[in-house]
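The structure appears below as structure tokens.
2 protein chains.
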Amino acid sequence: MMPTDEAHLGRHLLADLYGVAPQLLREPQAIERILLRAAQAAGATSIFSKFHQFGDGLGVTGVLLLRESHISIHTWPEHGFAAVDVFMCGDAQPELAIGIVRQALQPQQLRIEDVARGLIPIPMEG
Amino acid sequence: MMPTDEAHLGRHLLADLYGVAPQLLREPQAIERILLRAAQAAGATSIFSKFHQFGDGLGVTGVLLLRESHISIHTWPEHGFAAVDVFMCGDAQPELAIGIVRQALQPQQLRIEDVARGLIPIPMEG
Chain Z
152 MMPTDEAHLG RHLLADLYGV APQLLREPQA IERILLRAAQ AAGATSIFSK FHQFGDGLGV
212 TGVLLLRESH ISIHTWPEHG FAAVDVFMCG DAQPELAIGI VRQALQPQQL RIEDVARGLI
272 PIPMEG
Chain C
152 MMPTDEAHLG RHLLADLYGV APQLLREPQA IERILLRAAQ AAGATSIFSK FHQFGDGLGV
212 TGVLLLRESH ISIHTWPEHG FAAVDVFMCG DAQPELAIGI VRQALQPQQL RIEDVARGLI
272 PIPMEG
């Protein structure tokens, strides 16, 4: 048998944004525009988007489905909090998407987990 | 000041399923039905669903938006691999959703990461 190494099919960044101005977390159309810009910055292609507001002044939940997987957001304006996920496969660069979201929502604190998804054995050369 | 403890707004389970029969990973409608059952088992309420296939026999990408956040799936039939995310807030039980997916897709191997999202200080009693 050939020796093998591992590659991963995708990278998934889980970003928790704290201390965001509540009014930024209540506007589904503005949030959709931010995430579309984020996808573009990462080199990803959006194939579908849906954003939903739970009621006037309440939180927003939404997703972009991408050729490269997805970006999702859920907001809690009452806590100044947003949970953003950027899951991308291929050559897309999810950290560039997070950069756009950070710039747009200006969190006082940002916590990111970077999770490799789909570890696949690949043949090694030599 | 009151002493505080922390609670989290949501739990996010990232499930990587390896060794799934490829034909199970190519059927967007069947996958949607599995995820709807998974949401129901967890005590969550679906508000929107969208499933997309990248071409005949190719992978599926899809999402359920929930009152309680989302369930997403991305499949790679060529690797027998699916990445499933179950992000739920409130009283929903995401591990019950993973149980349904596991039963339906019968992976040879399942790797789960359990990530708390949105740590919020709460007043402590006493």
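For the record, the sequence lines run as chains Z and C. Each residue of the first sequence is one higher than the one before, starting from 152 at the first, in the numbering used here. Each residue of the second sequence is one higher than the one before, starting from 152 at the first, in the numbering used here. Just so you know, even glycine gets a beta-carbon here, dropped at the ideal spot from N, CA and C. These figures come from a predicted structure and were not determined experimentally.
For residue 208 (chain C), the number of other beta carbons within 10 angstroms of its own is below 16, and it is reported as exposed. Assignment of residue 193 (chain Z) by DSSP, reduced to helix, strand and coil, places it in the helix class. For the alpha helix (DSSP H) assignment, the uninterrupted runs of no fewer than 4 residues enclosed by the stretch 179-237 of chain C are, from N- to C-terminal side, 179-193.
Taking a Cβ-Cβ threshold of 8 Å, the residues of chain C close to residue 271 (chain Z) are 230 and 232, in chain order. Beta-bridge annotation (DSSP): residue 157 (chain Z) is paired with Z:272. Interface annotation for the stretch 195-215 of chain C against chain Z: 198, 199, 201, 203, 212 and 214, criterion Cβ-Cβ distance under 7 Å.
Between residue 269 (chain Z) and residue 230 (chain Z), the alpha-carbon positions lie close to 33 Å from each other. Contact between residue 225 (chain C) and residue 212 (chain C) holds: their C-beta atoms lie close to 5 Å from each other, under 8 Å. A check of alpha carbon separations from residue 258 (chain C) across C:163, C:157, C:173 and C:164 identifies C:173 as the nearest. Excluding its 5 nearest sequence neighbours in each direction, residue 166 (chain Z) has C-beta neighbours in its own chain below 6 Å: 235, 249 and 263, listed in chain order. At a cut-off of 8 Å between beta-carbon atoms, residue 170 (chain C) makes no contact with chain Z. Using a Cβ-Cβ cut-off of 8 Å, residue 161 (chain C) is close to 225 and 234 of chain Z, given in chain order. C:241 is the residue among C:241, C:272 and C:265 whose C-alpha sits nearest the C-alpha of residue 193 (chain C).
Around the beta carbon of residue 273 (chain C), fewer than 16 other beta carbons sit within 10 angstroms, so the residue counts as exposed.
Exclusion of the five residues before and after residue 243 (chain Z) leaves 193, 194, 195 and 219 as the residues of its chain whose Cβ lies within less than 6 Å of its Cβ. Going by DSSP, residue 254 (chain Z) is part of the alpha helix (DSSP H) stretching over 245-256. In this structure, DSSP gives residue 260 (chain Z) an extended state, which the three-state scheme calls strand. Here residue 255 (chain Z) has 185 as same chain residues with Cβ atoms under 7 Å from its own Cβ, once five neighbours each way along the sequence are excluded.
Closer than 8 Å to the CB of residue 165 (chain C) there is at least one CB belonging to chain Z. Taking the C-beta atoms as reference points, residue 216 (chain Z) is found no nearer than 8 Å to residue 237 (chain C).
Beyond the five residues adjoining it in sequence on each side, residue 175 (chain Z) comes within less than 6 Å, by CB distance, of 256 in the same chain, given in chain order. Only residues of its own chain outside the window of five on either side were considered, and among them 183, 186, 187, 213, 214, 215 and 216 have a CB closer than 8 Å to the CB of residue 200 (chain C), listed in chain order. Residue-level contact check: residue 237 (chain C) does not touch chain Z, since none of the beta carbons of chain Z fall below 8 Å from its beta carbon. Listed as beta-bridge partners of residue 266 (chain Z) by DSSP are Z:163.
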